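Colleague: My questions all concern the structure below.
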Amino acid sequence: MAIDLTKFILRFVDEARDHLGKMSDGVAALEQGSADAELINALFRSAHTIKGSSRMVKLDTIPETAHKLEDLLSALRDGRVRFSAAVGQALYQGIDTLNQLVDRVAEQPEKPDLPAVDAELCRVLSAALSADECREPETSATPAAPKVAETAPANETAPANETASAVATAPVTGKAPAVENLPTTETAPVAEKAAAAEPKLKSADTVRVKLSKLDELIKLMGEVVSSHSRMRQRVKDLQALENLITHAEADSGFKGQLALFSQIFKDDVQMQSQLMGELHDKTLAMRMLPLAIIFDAAGRLVREQARRLGKQVECVISGSEIELDREIIDQLSDPIIHLLRNSLDHGLELPDKRVAAGKPAAGRITLTANQDGGWVLIEIGDDGAGIDLAKIREKAVSKKILSAETAGGLSEEDIIDLIFLPGLSTNAIITDMSGRGVGMDVVKRTVVEELQGEIAITTRPGLGSTFTLRLPISLAVMRVLLVEVDGLPFGFTAQQIAGLMRVPNDALVQVKAGLSAVVRDNEFIPVTALADLVKIPDSFAENRETRGNPAELLLVILEVRNEKIALIVDELLDEYDMVIKQLPEHLRWNPLVSGMVVTGKNELVNVLHAPALLALSRKLHRSSLSPAAGSGPPEPGAVGQNADLKILVVDDSLNTREIEKDLLESYGYRVTLAEDGLEALQKARAEGFDAVLTDVEMPNMDGFTLTASLREDERYRATPIIIITSREQEEDRRRGIQVGADAYIVKSDFELTNLVDTLRTLLG
Amino acid sequence: MRILVIDDDLMAGELTAAILEDLGHETVLAENGVEGAERLGDGNNFDLVLSDHNMPMISGIELFRELRRQEIKTPFILLTGDDPEACLRLEPKLDGCLMKDFSLEDELVEILREVGNQE
Numbered sequence: 001m002a003i004d005l006t007k008f009i010l011r012f013v014d015e016a017r018d019h020l021g022k023m024s025d026g027v028a029a030l031e032q033g034s035a036d037a038e039l040i041n042a043l044f045r046s047a048h049t050i051k052g053s054s055r056m057v058k059l060d061t062i063p064e065t066a067h068k069l070e071d072l073l074s075a076l077r078d079g080r081v082r083f084s085a086a087v088g089q090a091l092y093q094g095i096d097t098l099n100q101l102v103d104r105v106a107e108q109p110e111k112p113d114l115p116a117v118d119a120e121l122c123r124v125l126s127a128a129l130s131a132d133e134c135r136e137p138e139t140s141a142t143p144a145a146p147k148v149a150e151t152a153p154a155n156e157t158a159p160a161n162e163t164a165s166a167v168a169t170a171p172v173t174g175k176a177p178a179v180e181n182l183p184t185t186e187t188a189p190v191a192e193k194a195a196a197a198e199p200k201l202k203s204a205d206t207v208r209v210k211l212s213k214l215d216e217l218i219k220l221m222g223e224v225v226s227s228h229s230r231m232r233q234r235v236k237d238l239q240a241l242e243n244l245i246t247h248a249e250a251d252s253g254f255k256g257q258l259a260l261f262s263q264i265f266k267d268d269v270q271m272q273s274q275l276m277g278e279l280h281d282k283t284l285a286m287r288m289l290p291l292a293i294i295f296d297a298a299g300r301l302v303r304e305q306a307r308r309l310g311k312q313v314e315c316v317i318s319g320s321e322i323e324l325d326r327e328i329i330d331q332l333s334d335p336i337i338h339l340l341r342n343s344l345d346h347g348l349e350l351p352d353k354r355v356a357a358g359k360p361a362a363g364r365i366t367l368t369a370n371q372d373g374g375w376v377l378i379e380i381g382d383d384g385a386g387i388d389l390a391k392i393r394e395k396a397v398s399k400k401i402l403s404a405e406t407a408g409g410l411s412e413e414d415i416i417d418l419i420f421l422p423g424l425s426t427n428a429i430i431t432d433m434s435g436r437g438v439g440m441d442v443v444k445r446t447v448v449e450e451l452q453g454e455i456a457i458t459t460r461p462g463l464g465s466t467f468t469l470r471l472p473i474s475l476a477v478m479r480v481l482l483v484e485v486d487g488l489p490f491g492f493t494a495q496q497i498a499g500l501m502r503v504p505n506d507a508l509v510q511v512k513a514g515l516s517a518v519v520r521d522n523e524f525i526p527v528t529a530l531a532d533l534v535k536i537p538d539s540f541a542e543n544r545e546t547r548g549n550p551a552e553l554l555l556v557i558l559e560v561r562n563e564k565i566a567l568i569v570d571e572l573l574d575e576y577d578m579v580i581k582q583l584p585e586h587l588r589w590n591p592l593v594s595g596m597v598v599t600g601k602n603e604l605v606n607v608l609h610a611p612a613l614l615a616l617s618r619k620l621h622r623s624s625l626s627p628a629a630g631s632g633p634p635e636p637g638a639v640g641q642n643a644d645l646k647i648l649v650v651d652d653s654l655n656t657r658e659i660e661k662d663l664l665e666s667y668g669y670r671v672t673l674a675e676d677g678l679e680a681l682q683k684a685r686a687e688g689f690d691a692v693l694t695d696v697e698m699p700n701m702d703g704f705t706l707t708a709s710l711r712e713d714e715r716y717r718a719t720p721i722i723i724i725t726s727r728e729q730e731e732d733r734r735r736g737i738q739v740g741a742d743a744y745i746v747k748s749d750f751e752l753t754n755l756v757d758t759l760r761t762l763l764g
Numbered sequence: 001m002r003i004l005v006i007d008d009d010l011m012a013g014e015l016t017a018a019i020l021e022d023l024g025h026e027t028v029l030a031e032n033g034v035e036g037a038e039r040l041g042d043g044n045n046f047d048l049v050l051s052d053h054n055m056p057m058i059s060g061i062e063l064f065r066e067l068r069r070q071e072i073k074t075p076f077i078l079l080t081g082d083d084p085e086a087c088l089r090l091e092p093k094l095d096g097c098l099m100k101d102f103s104l105e106d107e108l109v110e111i112l113r114e115v116g117n118q119e
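From first to last, the protein sequence lines are chains A and B.
Everything in the first sequence is counted per this note's numbering, starting at 1 for the first residue and increasing by one.
Everything in the second sequence is counted per this note's numbering, starting at 1 for the first residue and increasing by one.
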């Protein structure tokens with residue numbers, strides 16, 4: 001027959017691994033005390049499927065082994081055997097053996113060479129079934145393992161006494177507990193020497209450890225490493241002492257001895273530092289899991305969904321051996337599955353369409369991972385139709401996410417970025433696959449915010465699209481910037497820092513009471529004292545005196561999804577790669593703190609959570625915006641007077657728009673926002689405004705062109721237009737007036753009264 | 001012949017289909033009994049149903065009984081990973097029962113010949 005079994009054998013490997021993974025989860029659930037009948041049934045079915053499909057692809061040993069497991073599971077299901085630790089152990093051993101067999105099949109799928117049924121496993125499974133001996137597999141095309149388990153002489157290399165006692169106890173008691181006495185990794189290999197010996201060695205390769213124990217170990221390692229950094233401090237102390245004594249009057253012999261001791265001590269600490277570093281790396285590596293955990297299941301999912309969609313697909317997976325931090329693996333699964341569904345659903349065309357386009361009927365989906373220094377690149381690609389930019393643009397306009405004109409002026413990258421907006425799906429029919437659950441916006445948020453990674457898309461019409469995720473290998477170690485406020489240290493993860501600035505105190509723009517801003521690259525960024533956000537008690541305030549130069553402010557600028565905030569800090573302390581630890585459960589109530597790090601001086605430092613800081617500062621500003629809270633500016637009556645006046649504020653910076661809006665609204669004006677000249681022009685034509693405030697430098701249409709275009713419109717011939725810009729040159733000022741602006745305000749001169757007074761004067 | 005293959009194990013289903021296609025038959029796959037019944041009820045003409053027995057929701061034998069109850073008389077061959085004789089004892093009206101096994105190909109050829117002769 002001309003069927004190429006290799007292809008199916010590879011499929012079998014995938015599916016068997018999937019089943020085995022589910023089975024060990026299932027046994028773990030049974031261990032946790034879950035006695036759900038459906039759970040046992042699912043375990044049974046998995047074993048049954050492995051048996052059936054391995055037989056169909058003509059593999060030896062696996063059917064019999066799976067059959068043995070099936071026997072024990074059906075006894076469990078029928079209540080003939082009660083679940084116990086021994087039964088769980090026996091099931092695990094069976095699953096592990098099957099995993100090893102499947103691994104061997106994967107190594108040489110063309111001609112799998114499998115050892116005979118593992119007699120020791122048979123014995124363990126039978127013991128769990130309370131049977132006296134291992135029965136021959138009932139239906140077997142291969143000669144079964146010789147029935148030598150009990151009588152075989154122990155392998156010479158094995159510890160003879162242990163093997164002997166283990167073998168001796170089992171038949172005597174004949175009961176399940178005997179299994180527990182068997183150290184599985186140390187029992188002597190039996191039966192066929194060469195074939196059976198190898199998987200035995202392999203089973204000694206791994207040990208099952210509870211995650212919580214591992215995390216404890218890693219925590220402890222962190223403590224050891226940080227306490228070691230104190231040793232380095234002692235070396236420095238010793239050197240200082242040595243210097244003191246060199247200059248003091250002392251016995252030269254004593255000085256020499258001290259110098260020698262100091263040198264030896266330094267070398268010792270040096271050597272330990274290296275070992276510590278290694279210990280640190282190795283322990284962190286224990287948190288790592290292979291991407292195969294996600295990738296293997298993904299392959300099966302793609303095939304299943306393709307069939308449901310009537311599409312043909314070949315799924316090529318590589319790099320599943322690359323390891324990532326467990327936490328990343330956990331969170332990455334949903335985004336990858338979403339992107340794969342997306343490629344299948346939106347990317348790949350139906351077979352007839354593909355053939356018509358001169359492509360093979362079967363589409364190709366690739367899922368690859370590559371390591372790049374401390375990062376991993378994961379690519380999800382398809383050879384489908386590519387992303388239809390025109391369709392996305394249309395959709396964005398019809399869903400009122402963008403105006404037609406703004407959309408018209410977007411670059412290709414900008415349009416592609418639109419798919420990350422909530423509520424944008426280009427498929428005409430919302431299918432039950434990618435149309436629900438996680439959206440692309442969630443994918444982006446998980447990758448960028450939760451996992452501190454990046455996401456990029458390339459697409460070519462007719463040739464397909466590729467999504468590239470760039471992720472840090474471990475979430476446990478990150479670059480952290482340490483700053484000081486009122487004598488207290490705080491940390492920020494480097495990914496969220498957009499910049500550092502040192503500005504003269506008077507360079508801040510007082511937007512209104514309780515809200516000041518700094519101008520950076522033509523943008524207003526709201527400024528908040530970190531001390532106010534984290535509410536440092538006044539008792540620490542005396543430390544404020546120690547600031548170097550009170551006339552100068554040090555600002556840390558944080559950025560989260562296009563929104564920025566500048567935090568006033570006293571000092572920059574340091575920057576290093578550090579292990580960020582989780583806070584203990586009872587301290588997690590504070591959303592501002594995302595974790596902590598331990599410094600060389602063994603200080604615990606809070607690592608602040610940028611998104612929470614931004615949200616809090618926004619809230620503080622809002623509350624200070626109510627006219628009652630503001631001290632002074634909005635005069636009585638002014639708010640009411642302005643209530644009917646509509647102002648259009650145009651700026652491409654989110655922060656700037658928001659700050660201007662806040663300010664104007666506190667005076668009672670009604671504010672509409674636009675992101676650039678084109679959008680502004682469209683909005684201005686659609687409804688009437690009493691005044692326009694615009695930036696100069698913006699994509700699509702700048703402020704000068706906007707002003708000129710508005711002046712051509714009958715309705716805006718006499719409307720006040722104020723240009724607010726960071727351009728200070730006289731030439732720009734002249735040009736602004738030339739195109740018809742009524743006022744030209746430079747952002748760095750921006751003052752509360754300045755803008756409002758100007759506006760008031762112009763509005764009459 | 002046009003054959004409906006029902007198996008919750010995709011690989012097994014596709015391998016069965018591949019063998020059948022290699023023998024020159026047309027196949028349609030269904031993932032479970034419910035989907036299989038839908039395919040049969042859609043007015044599709046199948047010459048034969050090859051169904052796995054041990055599936056979630058509806059087992060192969062339950063599906064067979066349901067089809068006969070609905071007067072759908074398409075010849076029905078059960079595939080099982082266990083003992084075919086036991087299945088036949090459980091439901092003697094089955095048109096055949098095969099072990100999902102190394103010998104599947106040869107036995108299929110035989111069965112297909114029989115079904116072909118009956119038509």
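C-beta: ideal position from N, C-alpha, C; glycine also.
This structure is a prediction, so every number in the text was calculated from the model and none was measured.
Would you say Met-1 of chain B and Leu-78 of chain B are within 7 Å of each other, going by their C-beta atoms?
Modeller: No.
Colleague: Give the single residue among A:Lys-311, A:Gly-79, A:Ala-404, A:Phe-44 whose Cα lies nearest to the Cα of Lys-683 of chain A.
Modeller: When only C-alpha atoms are compared, the closest one is A:Ala-404.
Colleague: What's the C-alpha gap between Arg-123 of chain A and Asn-41 of chain A?
Modeller: Going by the C-alpha atoms only, they are around 23 Å apart.
Colleague: Does any residue of chain A bring its CB to less than 7 Å from the CB of Asp-9 of chain B?
Modeller: yes
Colleague: Just grab the DSSP bridge partners of Tyr-576 of chain A for me.
Modeller: Note: Tyr-576 of chain A sits in a beta bridge opposite A:Val-480.
Colleague: Within its chain, find whatever has a CB closer than 7 Å to the CB of Arg-104 of chain A; leave out the 5 residues flanking it on each side and keep chain order.
Modeller: Pro-112, Leu-114
Colleague: Inspect the CB distances between the stretch 356–371 of chain A and the stretch 312–323 of chain A and report whether three or more fall short of 8 Å.
Modeller: yes
Colleague: Are Leu-389 of chain A and Ile-415 of chain A closer than 7 Å when you measure CB to CB?
Modeller: Less than 7 Å divides the Cβ of Leu-389 of chain A from the Cβ of Ile-415 of chain A.
Colleague: Is Phe-492 of chain A a contact residue of the ligand ATP, with contact defined as CB to any heavy atom under 6 Å?
Modeller: By its list of ligands, the structure shown contains no ligand whatsoever, and the ligand ATP lies outside what it can speak to.
Colleague: For a contact defined as C-beta to C-beta under 7 Å, what are the partners of Lys-73 of chain B on chain A?
Modeller: Neighbours of Lys-73 of chain B on chain A: none; closest Cβ ~27 Å, over 7 Å.
Colleague: Residues bridged to Val-593 of chain A by DSSP?
Modeller: A:Leu-608
Colleague: Between which two residues does the alpha helix (DSSP H) holding Val-739 of chain A run?
Modeller: Per DSSP, Val-739 of chain A belongs to the alpha helix (DSSP H) from 730–739.
Colleague: Given that Lys-51 of chain A touches chain B, what residues does it touch there, using C-beta distances under 8 Å?
Modeller: Gly-81
Colleague: Using 7 Å as the limit for Cβ to Cβ distance, is Leu-88 of chain B near chain A?
Modeller: no
Colleague: Going along the chain, which residues of its own chain have a beta-carbon closer than 6 Å to the beta-carbon of Asn-32 of chain B, five neighbours each way excluded?
Modeller: For Asn-32 of chain B, the CB contacts under 6 Å within the same chain, skipping 5 residues up- and downstream, are Asp-8, Met-55, Met-57 in chain order.
Colleague: Assign Ala-250 of chain A to buried or exposed, taking buried as 16 or more other Cβ atoms, counted over all protein chains shown, within 10 Å of its Cβ.
Modeller: exposed
Colleague: Whole angstroms are fine: how far does the CA of Gly-386 of chain A sit from the CA of Ala-85 of chain A?
Modeller: 53 Å
Colleague: Between A:Ser-653, A:Ala-529, A:Pro-504, A:Lys-512, which has its C-alpha nearest Asp-486 of chain A's C-alpha?
Modeller: A:Ala-529
Colleague: Shorter than 7 Å from the beta carbon of Arg-2 of chain B to some beta carbon of chain A?
Modeller: Not an interface residue.
Colleague: Looking at chain B, is there any beta carbon in it that lies within less than 7 Å of the beta carbon of Lys-22 of chain A?
Modeller: no
Colleague: Quick one: Cα of Ala-248 of chain A to Cα of His-228 of chain A, how far?
Modeller: Separation of Ala-248 of chain A and His-228 of chain A (C-alpha to C-alpha, rounded to the nearest whole angstrom) is 31 Å.
Colleague: Quick one: grab the DSSP three-state call for Tyr-92 of chain A.
Modeller: Helix, per DSSP.
Colleague: From Gln-660 of chain A to Ile-455 of chain A, what distance separates their C-alpha atoms?
Modeller: What sits at residue 660 of chain A in the sequence shown is Glu, not Gln. The straight-line gap from Cα to Cα measures roughly 32 Å.
Colleague: Run through DSSP, which three-state label would Val-598 of chain A get?
Modeller: It is a strand residue.
Colleague: For the beta strand (DSSP E) holding Asp-382 of chain A, just list the boundary residues, first then last.
Modeller: Per DSSP, Asp-382 of chain A belongs to the beta strand (DSSP E) from 375–382.
Colleague: Using a Cβ-Cβ cut-off of 7 Å, state whether Arg-11 of chain A counts as contacting chain B.
Modeller: yes
Colleague: Is the Cβ-Cβ distance between Val-27 of chain A and Gly-94 of chain A less than 7 Å?
Modeller: Cβ distance not < 7 Å, so Val-27 of chain A and Gly-94 of chain A don't count as in contact.
Colleague: Tell me, please, which residues DSSP counts as bridged to His-105 of chain A.
Modeller: Checking the displayed sequence, the identity of residue 105 of chain A turns out to be Val instead of His. None; Val-105 of chain A has no bridge partner.
Colleague: Quick check: what's the CA-CA separation for Leu-553 of chain A versus Leu-515 of chain A?
Modeller: 16 Å
Colleague: Taking the alpha-carbon of Asp-334 of chain A as reference, which of A:Phe-295, A:Gln-371, A:Leu-350 has the nearest alpha-carbon?
Modeller: Ranking A:Phe-295, A:Gln-371, A:Leu-350 by CA distance to the CA of Asp-334 of chain A puts A:Phe-295 first.
Colleague: What would DSSP say about Leu-508 of chain A, mapped onto helix, strand or coil?
Modeller: coil
Colleague: Compute the Euclidean distance between the alpha carbons of Gln-70 of chain B and Leu-5 of chain A, then round it to the nearest angstrom.
Modeller: Their Cα atoms are separated by approximately 37 Å.
Colleague: So, with DSSP's three-state summary, where would you put Ile-745 of chain A?
Modeller: strand
Colleague: When you compare the CB of Ala-17 of chain A with every CB in chain B, is at least one pair closer than 7 Å?
Modeller: Sequence check: residue 17 of chain A is Arg here, not Ala. Closer than 7 Å: no.
Colleague: Judging by CA-CA distance, which residue of A:Ser-726, A:Met-231, A:Ala-306, A:Ile-328 is the nearest neighbour of Met-271 of chain A?
Modeller: The residue with the shortest Cα to Cα distance from Met-271 of chain A is A:Met-231.
Colleague: Out of A:Val-692, A:Ala-718, A:Glu-687, A:Ala-674, point me to the one whose CA is closest to Tyr-744 of chain A's CA.
Modeller: A:Val-692
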